[in-house]
Amino acid sequence: GAFAKPSQQQVDSVCPFCGVGCQLTYHVNDGKIEHVEGIAGPANEGRLCVKGRFGFDYAHSPERLTRPLIRRAGAPKDPHGELRRLTPEQVRERFREATWDEALDAAAEGFRRALASTVARGRRSPVAGFGSAKGTNEEAYLFQKLVRTAFETHNVDHCTRLCHASSVAALMEGLGSAVVTNPLRDVQHADFLLVIGANPAQNHPVGATWIKNAVKKGARLVLADPRRTELARHSWKHLGFQPGTDVALLNAMLHTIVFEGLTDPAYIEAHTLDFAQLKAHLADFSPEAMAPVCGIDVATLREVARAYATAKNAMILWGMGISQHTHGTDNARCLIALALVTGQIGRPGTGLHPLRGQNNVQGASDAGLIPMVLPDYQRVADGPAREKAERLWKLAPGTLGSEPGLTVVEIVDAAHRKEIRAMLIQGENPAMSDPDAAHAREALAGLDHLVVQDIFLTETASLADVVLPATAWPEKTGSVTNTDRCVQLGRKAVPAPGDARADAWITEQLARRLGLDWAYGVAPDGSATDDATQGIGAVFEEMRALMPSIAGLSWARLRRQGAVTYPVVDAEDPGQPVVFTDGFPTPTGRASLVGAVLKPPAEEPDVEFPMVLITGRQLEHWHTGSMTRRSSVLDALEPSPVVSLHPETARRLGLWAGAQAQVRSRRGEVALPVRIDEGMPRETAFIPFAYAEAAANLLTNPALDPVGKIAELKYCAVDVRPVTGS
Ligand code: SF4
Numbered sequence: 216g217a218f219a220k221p222s223q224q225q226v227d228s229v230c231p232f233c234g235v236g237c238q239l240t241y242h243v244n245d246g247k248i249e250h251v252e253g254i255a256g257p258a259n260e261g262r263l264c265v266k267g268r269f270g271f272d273y274a275h276s277p278e279r280l281t282r283p284l285i286r287r288a289g290a291p292k293d294p295h296g297e298l299r300r301l302t303p304e305q306v307r308e309r310f311r312e313a314t315w316d317e318a319l320d321a322a323a324e325g326f327r328r329a330l331a332s333t334v335a336r337g338r339r340s341p342v343a344g345f346g347s348a349k350g351t352n353e354e355a356y357l358f359q360k361l362v363r364t365a366f367e368t369h370n371v372d373h374c375t376r377l378c379h380a381s382s383v384a385a386l387m388e389g390l391g392s393a394v395v396t397n398p399l400r401d402v403q404h405a406d407f408l409l410v411i412g413a414n415p416a417q418n419h420p421v422g423a424t425w426i427k428n429a430v431k432k433g434a435r436l437v438l439a440d441p442r443r444t445e446l447a448r449h450s451w452k453h454l455g456f457q458p459g460t461d462v463a464l465l466n467a468m469l470h471t472i473v474f475e476g477l478t479d480p481a482y483i484e485a486h487t488l489d490f491a492q493l494k495a496h497l498a499d500f501s502p503e504a505m506a507p508v509c510g511i512d513v514a515t516l517r518e519v520a521r522a523y524a525t526a527k528n529a530m531i532l533w534g535m536g537i538s539q540h541t542h543g544t545d546n547a548r549c550l551i552a553l554a555l556v557t558g559q560i561g562r563p564g565t566g567l568h569p570l571r572g573q574n575n576v577q578g579a580s581d582a583g584l585i586p587m588v589l590p591d592y593q594r595v596a597d598g599p600a601r602e603k604a605e606r607l608w609k610l611a612p613g614t615l616g617s618e619p620g621l622t623v624v625e626i627v628d629a630a631h632r633k634e635i636r637a638m639l640i641q642g643e644n645p646a647m648s649d650p651d652a653a654h655a656r657e658a659l660a661g662l663d664h665l666v667v668q669d670i671f672l673t674e675t676a677s678l679a680d681v682v683l684p685a686t687a688w689p690e691k692t693g694s695v696t697n698t699d700r701c702v703q704l705g706r707k708a709v710p711a712p713g714d715a716r717a718d719a720w721i722t723e724q725l726a727r728r729l730g731l732d733w734a735y736g737v738a739p740d741g742s743a744t745d746d747a748t749q750g751i752g753a754v755f756e757e758m759r760a761l762m763p764s765i766a767g768l769s770w771a772r773l774r775r776q777g778a779v780t781y782p783v784v785d786a787e788d789p790g791q792p793v794v795f796t797d798g799f800p801t802p803t804g805r806a807s808l809v810g811a812v813l814k815p816p817a818e819e820p821d822v823e824f825p826m827v828l829i830t831g832r833q834l835e836h837w838h839t840g841s842m843t844r845r846s847s848v849l850d851a852l853e854p855s856p857v858v859s860l861h862p863e864t865a866r867r868l869g870l871w872a873g874a875q876a877q878v879r880s881r882r883g884e885v886a887l888p889v890r891i892d893e894g895m896p897r898e899t900a901f902i903p904f905a906y907a908e909a910a911a912n913l914l915t916n917p918a919l920d921p922v923g924k925i926a927e928l929k930y931c932a933v934d935v936r937p938v939t940g941s
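Here the sequence shown is numbered in UniProt numbering, starting from 216 and rising by one per residue.
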């Protein structure tokens with residue numbers, strides 16, 4: 216603006232928060248970001264939300280980690296104490312500052328000890344790693360390679376397990392690939408949109424602006440969500456169904472389409488398998504039978520189903536409300552079947568879009584931060600895929616095992632049982648993000664050896680034996696992949712504080728100390744050059760050699776173009792925003808129709824815990840809050856935790872706006888002020904999980920979806936009452 220000091224430097228990069236992947240410019244003076252502007256990236260065309268525009272000064276927070284830390288002998292690890300923001304004295308009591316050589320030696324030594332102590336080597340490894348969906352593709356790739364080769368285990372996972380693991384399981388089973396079929400901006404070509412179990416106005420805000428634009432142009436929007444969230448104002452219909460009854464709602468829609476003859480028989484015949492079984496399965500799911508279960512009347516169920524099936528182009532977008540259930544895979548199976556039986560897939564403005572949460576959860580998954588697959592979703596059980604990786608990684612044949620590793624919640628459980636003894640965690644915060652957080656914190660505190668790389672002393676890092684200070688997003692160069700499968704280049708804009716070093720450098724140094732002959736020569740300061748034989752460029756080229764999806768995207772091309780959508784098969788391929796235009800990447804080329812059964816949530820309300828708890832995010836805060844709660848504008852907008860209640864429920868409980876409520880589940884309790892929200896369903900509470908002082912995940916249920924191994928973060932039974940004396 217007219218009053219802004221001209222910036223010395225302007226560096227184009229990508230927003231570090233959500234999966235929309237907005238491009239932005241950092242305006243830098245004297246090594247500090249002063250403001251941020253949106254630029255014309257393919258996902259945002261100059262738009263930014265409040266997080267992208269104002270959430271940048273966390274990088275300059277005085278709380279940044281600037282020196283490696285080693286835990287003092289005998290210093291306590293208190294899993295149930297106040298973990299957040301230890302005072303400087305408490306930090307000094309627990310940790311001493313160390314040189315990088317000392318800290319890396321200590322980190323490597325602990326892993327060597329854990330590996331050597333395993334009597335039953337070759338069966339279950341005692342070591343596991345959590346990588347990060349907040350880092351770059353290159354960092355994710357190096358991390359999984361380190362775990363798989365130095366620790367010789369597939370015990371490597373990341374927050375995708377808490378995010379879209381069930382969607383991925385259903386998409387892999389049905390379509391042979393878990394990618395989004397169409398980019399988010401394709402909503403402009405749709406005349407019908409089903410948004411289910413997602414709150415894009417808060418979690419994918421720029422994406423929500425494209426949805427609102429599509430509605431203005433005439434698209435019919437159906438918002439299916441127990442909560443009446445902001446997008447409801449723009450919708451043709453809001454389906455406020457009972458929490459946890461997604462399968463009833465969606466099977467009733469499928470029943471209507473199949474038994475009213477609204478399917479696309481030519482598409483079903485040409486591109487799918489098992490329609491007859493699906494039809495037989497759906498017989499029991501008439502709208503008349505399902506209306507009392509899901510709470511949506513028969514006429515509305517039929518009207519919405521007909522509108523979806525008969526639209527020229529209809530698109531489905533979904534989020535954690537679908538995936539974070541013990542029946543998450545079944546929920547996603549229904550959405551896949553809807554698109555397939557109506558042929559609403561394979562054209563612009565149609566298809567299936569599981570909205571990816573983190574800025575790089577798509578890329579981190581592609582790069583192999585998943586225990587059952589190598590990079591590009593090549594199954595660890597697949598012999599030729601393992602051999603290809605072993606050749607490229609110069610490993611002895613047979614080094615990579617054929618048994619999948621453990622997933623996030625399984626690793627935490629194994630740590631509790633003392634089967635996992637040592638962990639490497641890069642930029643994740645399971646002490647806040649895992650379900651039943653008290654159990655997760657006990658498991659982390661009980662490890663023999665915990666090494667955490669992060670930019671702050673997070674709740675997880677507070678329990679570490681070695682803490683390695685990493686670079687923040689604006690301090691490094693590397694690629695990220697957004698929800699649209701668009702690979703974009705983030706560029707280093709400012710120097711890191713103190714002795715903080717790039718995660719990719721840390722991983723390479725650890726690998727060398729663990730006996731691997733890595734020689735990428737990653738720069739410690741997070742920088743990268745055009746050179747594709749050195750540093751981050753060399754890592755990217757190695758990924759490309761292993762990953763057919765990006766085979767046509769060289770480091771040079773990425774540096775030049777800055778954003779390319781995969782699949783990109785060769786140098787001439789411009790990238791393919793819409794996929795499955797003619798069949799599917801399955802052995803038969805056809806998609807499978809899989810019927811979903813109706814199962815109740817793992818824990819239902821009862822006399823002692825009569826209400827339902829839903830957890831989620833807020834517009835201003837990102838996940839566990841480690842970055843946004845240290846961003847001054849965002850913190851000022853939403854400074855403290857709240858529990859949202861419907862006004863009538865609050866009244867029944869003797870609560871009002873601002874009153875202090877106690878929320879208790881079988882696993883824990885928190886106390887926090889009430890926010891009145893008329894969009895809440897009755898007898899239901901909503902708590903965002905960003906606040907350590909009232910951590911929502913102390914309450915949540917770790918019960919898993921049997922296929923996707925995702926926890927039921929969207930449903931557990933709680934009791935809410937006034938805090939005595941408030
Ligand atoms: Fe960043 Fe997402 Fe907001 Fe875009 S919509 S500015 S990517 S948080």
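Each residue gets a CB set at the ideal place from its N, CA and C atoms; glycine is no exception. Computed from a predicted model, the values in this text were never measured in an experiment.
Taking Cβ to Cβ, would you say residue 472 is nearer than 8 Å to residue 368?
Within the sequence shown, residue 472 is the residue found at index 257, counting from 1. Within the sequence shown, residue 368 is the residue found at index 153, counting from 1. Contact flag unset, no.
With hydrogens ignored, establish whether the beta-carbon of residue 421 is closer than 7 Å to any heavy atom of the ligand SF4.
Here the question's residue 421 lines up with position 206 in the sequence shown. Residue 421 Cβ: within cutoff of the ligand SF4.
Report the three-state DSSP secondary structure of residue 222 (helix, strand or coil).
Along the sequence shown, read from residue 1 onward, the residue named residue 222 stands at position 7. Residue 222: coil per DSSP, three-state reduction.
CA-CA distance, residue 417 and residue 444?
As a first step, residue 417 is located in the sequence shown; it is residue number 202 there, counting from the start. As a first step, residue 444 is located in the sequence shown; it is residue number 229 there, counting from the start. Rounded to the nearest angstrom, the two C-alpha atoms are 9 Å apart.
Quick one: does the C-beta of residue 266 sit closer than 7 Å to a heavy atom of the ligand ADP?
This structure lacks the ligand ADP; its bound ligands are the ligand SF4.
Cβ-based burial, residue 690 [other Cβ within 10 Å; buried from 16]
As a position in the sequence shown, residue 690 is number 475, starting the count at 1. Under this definition residue 690 is a buried residue.
Considering Cα atoms alone, identify which of 663, 746, 927 is closest to residue 291.
Here residue 291 corresponds to residue number 76 of the sequence shown, with the count starting at 1. Looking at the Cα atoms, 663 is the closest of the given residues.
Mapping the DSSP letters down to three states, classify residue 234 as helix, strand or coil.
For the purposes of this step, residue 234 is taken as the residue at position 19 of the sequence shown. Residue 234: coil per DSSP, three-state reduction.
Is it buried or exposed, residue 924, if we count other Cβ atoms within 10 angstroms and call 16 or more buried?
As a first step, residue 924 is located in the sequence shown; it is residue number 709 there, counting from the start. Classification for residue 924: buried.
Between residue 235 and the ligand SF4, is the CB less than 7 Å from at least one heavy atom?
Working through the sequence shown from its first residue, we reach residue 235 at position 20. Within the cutoff, so yes.
Suppose only complete runs of 3+ residues qualify. What are the beta strand (DSSP E) ranges in the stretch 493-562, listed by chain order?
529-533
Under a three-way DSSP split, which group does residue 930 fall into?
For the purposes of this step, residue 930 is identified with residue 715 of the sequence shown, where counting begins at 1. In the structure shown, residue 930 sits in coil (DSSP, three-state: anything other than H, G, I, E or B).
How far does the alpha helix (DSSP H) with residue 648 in it reach, from first residue to last?
Within the sequence shown, residue 648 is the residue found at index 433, counting from 1. Run containing residue 648: 645-648, per the alpha helix (DSSP H) assignment.
Below 8 Å between beta carbons: does that hold for residue 395 and residue 257?
For the purposes of this step, residue 395 is taken as residue 180 along the sequence shown, with counting starting at 1. For the purposes of this step, residue 257 is taken as residue 42 along the sequence shown, with counting starting at 1. It is not a contact, given that the beta carbons lie outside the stated cut-off.
Collapsed DSSP secondary structure at residue 838 in the structure displayed:
The sequence position of residue 838 within the sequence shown is 623, counting from 1. Coil.
Cβ contact (3+ pairs, closer than 8 Å) linking the stretch 397-405 and the stretch 520-531:
yes
Alpha carbon of residue 254 to alpha carbon of residue 854, nearest angstrom:
On the sequence shown, residue 254 is found 39 positions in, with the first residue counted as 1. On the sequence shown, residue 854 is found 639 positions in, with the first residue counted as 1. Between residue 254 and residue 854, the C-alpha separation is close to 29 Å.
Would you list, in sequence order, the uninterrupted alpha helix (DSSP H) runs of no fewer than 4 residues that lie entirely inside the stretch 295-375?
303-309, 315-331, 352-365
I think residue 361 touches residue 682, with their Cβ atoms under 8 Å apart; what is that distance to the nearest whole Å?
Here residue 361 is taken as the residue at index 146 of the sequence shown, counted from 1. Here residue 682 is taken as the residue at index 467 of the sequence shown, counted from 1. Not really, about 18 Å apart at Cβ, beyond 8 Å.
Name the one or two DSSP bridge partners that residue 251 has.
Taking the first residue of the sequence shown as position 1, residue 251 is located at position 36. Residue 251 is bridged to 241.
Taking the C-alpha atoms as reference points, what is the distance between residue 158 and residue 715?
Within the shown structure, residues of the chain are numbered from 216 to 941, placing residue 158 beyond reach of any answer.
Which of helix, strand or coil does DSSP assign to residue 228?
In the sequence shown, the residue the question calls residue 228 occupies position 13. Note: residue 228 maps to strand in three-state DSSP.
Is DSSP giving residue 397 helix, strand or coil here?
Residue 397 sits at position 182 when you count from the first residue of the sequence shown. Reduced to three states, the DSSP call for residue 397 is coil.
Whose C-alpha, out of 435, 886, 829, is nearest the C-alpha of residue 875?
The count along the sequence shown starts at 1 and reaches residue 875 at position 660. Checked all of 435, 886, 829; the closest Cα to residue 875 is 886.
Please classify residue 633 as buried or exposed, where buried requires at least 16 other C-beta atoms within 10 Å of its C-beta.
Residue 633 sits at position 418 when you count from the first residue of the sequence shown. Per the 10 Å Cβ criterion, exposed.
Can you round the beta-carbon distance between residue 578 and residue 233 to whole angstroms, since I take them to be within the 8 Å contact cut?
Looking up residue 578 in the sequence shown gives position 363. Looking up residue 233 in the sequence shown gives position 18. With 8 Å as the limit, residue 578 and residue 233 do not qualify as a contact, their Cβ atoms being about 13 Å apart.
Should residue 851 go down as buried or exposed, given a rule of 16 or more other Cβ atoms within 10 Å for buried?
Start at 1 with the first residue of the sequence shown, and residue 851 comes out as number 636. Burial call: exposed.
Report the rounded CA-to-CA distance for residue 784 versus residue 521, giving the unit in angstroms.
Locating residue 784 in the sequence shown gives position 569, where the first residue counts as 1. Locating residue 521 in the sequence shown gives position 306, where the first residue counts as 1. Cα-Cα distance, rounded: 38 Å.
Our contact map puts residue 883 next to residue 442 with C-beta atoms below 8 Å; I'd like the distance itself, whole angstroms only.
Position 668 of the sequence shown, counted from the first residue, corresponds to residue 883. Position 227 of the sequence shown, counted from the first residue, corresponds to residue 442. That belief does not hold up - the Cβ atoms of residue 883 and residue 442 are roughly 23 Å apart, past 8 Å.
Determine the extent of the alpha helix (DSSP H) in which residue 824 is found, giving its start and end residues.
Taking the sequence shown and counting its residues from 1, the one referred to as residue 824 is at position 609. No alpha helix (DSSP H) holds residue 824; DSSP gives it neither H nor E.
Using only the alpha-carbon positions, how far apart do residue 774 and residue 743 sit?
Taking the first residue of the sequence shown as position 1, residue 774 is located at position 559. Taking the first residue of the sequence shown as position 1, residue 743 is located at position 528. About 10 Å.
Which residues bound the beta strand (DSSP E) around residue 774?
Taking the first residue of the sequence shown as 1, we reach residue 774 at position 559. Careful: residue 774 lies outside any beta strand (DSSP E), inside the alpha helix (DSSP H) at 770-776.
Given the structure, does residue 271 come close to the ligand SF4, in the sense that its CB is under 7 Å from one of the ligand's heavy atoms?
Translated into the one-based positions of the sequence shown, residue 271 becomes position 56. Every heavy atom of the ligand SF4 is 7 Å or more from the Cβ of residue 271, so no.
Do residue 262 and residue 237 count as a contact pair if the criterion is CB distance below 8 Å?
Here the question's residue 237 lines up with position 22 in the sequence shown. Here the question's residue 262 lines up with position 47 in the sequence shown. Yes, Cβ-Cβ distance for residue 237 and residue 262 is below 8 Å.
Using the three-state DSSP reduction, which class does residue 697 fall into: helix, strand or coil?
Along the sequence shown, read from residue 1 onward, the residue named residue 697 stands at position 482. Here residue 697 sits in coil by DSSP.
Would residue 245 be called buried (16 or more neighbouring beta carbons within 10 Å of its own) or exposed?
Position 30 of the sequence shown, counted from the first residue, corresponds to residue 245. Exposed, because fewer than 16 other Cβ atoms sit within 10 Å of the Cβ of residue 245.
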